[in-house]
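Heads up: the structure comes next, in structure tokens.
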Amino acid sequence: MHSPSLATTIMSSILIIGTFAIFGLINNLVYVIILSAALDMNTTPGLTALANILPSLIVKILVPYLNSTKAKFGKRVLFISITTSIGMLIVALSSTVPLKLIGIALTSTASSGVGDMTFLQLAAQYRALAYYASGTGLAGVIGSSAWLILRKMGVVEGLLLSATFPTLQLITYFFMLPQAPSNDDTEDGTFNRLSIEEKKEVGKDLLRPYMLPLFTVYLFEYSINQGVAPALSYDNRTNRDTYPVYQLLYQIGVFLSRSSHLFNVGHLSRKQLALPSVIQGCIFLLLLIESVVKQIGYYVVCTIILVEGLMGGLSYVNVFHHTSTEYKNAAAHTREYAIGLVSLSDGVGIVLASLLSIGLGKLLT
1 MHSPSLATTI
11 MSSILIIGTF
21 AIFGLINNLV
31 YVIILSAALD
41 MNTTPGLTAL
51 ANILPSLIVK
61 ILVPYLNSTK
71 AKFGKRVLFI
81 SITTSIGMLI
91 VALSSTVPLK
101 LIGIALTSTA
111 SSGVGDMTFL
121 QLAAQYRALA
131 YYASGTGLAG
141 VIGSSAWLIL
151 RKMGVVEGLL
161 LSATFPTLQL
171 ITYFFMLPQA
181 PSNDDTEDGT
191 FNRLSIEEKK
201 EVGKDLLRPY
211 MLPLFTVYLF
221 EYSINQGVAP
231 ALSYDNRTNR
241 DTYPVYQLLY
251 QIGVFLSRSS
261 HLFNVGHLSR
271 KQLALPSVIQ
281 GCIFLLLLIE
291 SVVKQIGYYV
301 VCTIILVEGL
311 MGGLSYVNVF
321 HHTSTEYKNA
331 AAHTREYAIG
341 LVSLSDGVGI
351 VLASLLSIGL
361 GKLLT
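Taking UniProt numbering, the leading residue of the sequence shown gets 1, the next gets one more, and so forth.
Here it is in structure tokens:
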């Protein structure tokens, strides 16, 4: 029979695993649904992706510090949940593309911007990055597959239902998450404790090994997803038929690789972090050529897109794993600044890919 302290520890661990998996799932779920529904909303995937990521990137640049005490985290989760839901309501109920893009931008600010930064910092505090990463990967699978079903109900109805999902974050944070460990992570104040020179030094240490690989992976994969994939239609399948399937396969790959560390597989060394970027670049060139010549066929393209998702997720989970491990013994403000800075990389890559995809979309379709 387990002692009470051991039972409490086990229960706390289970709650932490479940909590951060839910945080990752819900925070990314709406983001994925918006990308999967791009064509159904009569917006181009590139423009949708740009509205979906640019506001979050601005947030991560302008607000590199958010206080790390539990009370402050609670206020941020409240803001994330309410604002994300409001944004989705605007997207669902608007009849014009500009208003839909405003709703997407508002949703992005809350979830991909404040939300991603908040939950990554909170996950580092609880040593739960692997669970959060797995949840974000699961969001891709559920979001893209759910939209295949929801779109049959109607675009407006599906988006309205999606607006209710963020409330689960509130329930999870306030009723499931155990108290934070009693260490320097609970100190008040983070990023602003670092001097300008210290921030430059941390940025210099992170740029080449972590930020550049993550940036290039996202640049290539979002150029594929938003710029090239819509042009990869075959036989009697229109892009409205193939595009959601591509998104689902991509998200399956992301989920599998982001969850790999839970099973102690998929670990890359620090020197190997550039490998997914190289493979992703090759996939981009291959599919770009295929969008013109149409030679390898639909099912081979589906397989390649699955591999694309695997490479993206593998880069994400390993980059944040190495960042968290390298700074695990650092003060909370240094560790959270490092994680926040690295999280800029994917955003910059997605923004540039979105701009590129707008041009590719016009060229290829």
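Virtual Cβ for every residue (Gly too), placed ideally from N, Cα, C.
Would you decide whether residue i is buried or exposed? Buried here means 16 or more other CB atoms lie within 10 Å of its CB.
| i | result |
| --- | --- |
| Y299 | exposed |
| S108 | buried |
| N225 | buried |
| V228 | buried |
| P98 | exposed |
| A7 | exposed |
| S354 | buried |
| I149 | exposed |
| H261 | buried |
| D184 | Bear in mind that the predicted position of D184 carries a pLDDT of just 45, short of 50, making it unreliable; the figure below should be weighed with that in mind. Per the 10 Å Cβ criterion, exposed. |
| K100 | buried |
| L285 | exposed |
| Q121 | buried |
| M88 | buried |
| Q125 | buried |
| S269 | exposed |
| M117 | buried |
| I53 | buried |
| I339 | buried |
| M211 | buried |
Let me make sure I understand the geometry here. Which of the options has the alpha-carbon closest to that of residue i?
| i | options | result |
| --- | --- | --- |
| S81 | P55, I102, S112 | S112 |
| D205 | E336, L47, T323 | T323 |
| H142 | G361, T334, N27 | For the record, residue 142 in the displayed sequence is Ile; it is not His. Per the Cα distances, N27. |
| E198 | I305, V317, L341, H321 | L341 |
| F23 | Y210, A123, L306, Y218 | A123 |
| V202 | F79, Y327, L39 | Y327 |
| E221 | V278, M11, Y173 | V278 |
| F165 | M117, L356, L25 | L25 |
| H333 | L194, Y246, T242 | L194 |
| H267 | L89, S162, M311, G140 | M311 |
| V32 | V351, L248, Y316, T325 | L248 |
| F174 | S343, V292, L356, T19 | T19 |
| A139 | Q272, K362, V156, I34 | I34 |
| I283 | I102, N52, E308, F119 | E308 |
| L78 | P230, D235, L168 | L168 |
| T172 | G74, N329, N42, L344 | G74 |
| S13 | R127, S85, L39, F119 | R127 |
| M153 | D40, I53, Q251 | D40 |
| K294 | S162, A231, I339, T325 | A231 |
| I350 | V155, N42, L57 | L57 |
| V292 | A21, I102, S233 | S233 |
| A130 | T325, D235, V156 | T325 |
By the three-class DSSP mapping on this structure, what secondary structure does residue i have?
| i | result |
| --- | --- |
| R127 | coil |
| D184 | At D184, the pLDDT of 45 sits below 50, so the modelled position is not reliable and the matter cannot be decided from this model. |
| Q295 | coil |
| V265 | coil |
| K200 | helix |
| S233 | coil |
| T238 | coil |
| N42 | coil |
| Y327 | coil |
| G154 | coil |
| P166 | coil |
| L273 | coil |
| S259 | coil |
| T96 | coil |
| A37 | coil |
| P178 | coil |
| L219 | helix |
| S134 | helix |
| L161 | helix |
| S56 | helix |
| S315 | helix |
| L148 | helix |
| I10 | helix |
| L194 | coil |
Whole-angstrom Cβ separation of residue i and residue j, contact assumed at under 8 angstroms?
| i | j | result |
| --- | --- | --- |
| R76 | V30 | Going by Cβ atoms, the distance from R76 to V30 rounds to 17 angstroms, so no, they are not a contact pair. |
| G347 | K72 | So it is not a contact: roughly 22 angstroms between Cβ atoms. |
| S36 | S144 | 5 angstroms |
| R258 | S134 | 6 angstroms |
| G137 | F255 | 3 angstroms |
| P178 | A274 | The pair is not a contact, with the Cβ atoms about 37 angstroms apart (cut-off 8 angstroms). |
| A92 | L160 | 5 angstroms |
| G361 | T83 | About 29 angstroms; that fails the 8 angstroms criterion. |
| S223 | S357 | 6 angstroms |
| Y250 | I305 | 5 angstroms |
| P276 | V317 | Contact doesn't hold; Cβ gap of about 10 angstroms is too wide. |
Please confirm whether any heavy atom of the ligand NAD lies closer than 7 angstroms to the CB of residue i.
| i | result |
| --- | --- |
| L306 | The ligand NAD is absent from the structure shown, which contains no ligand whatsoever. |
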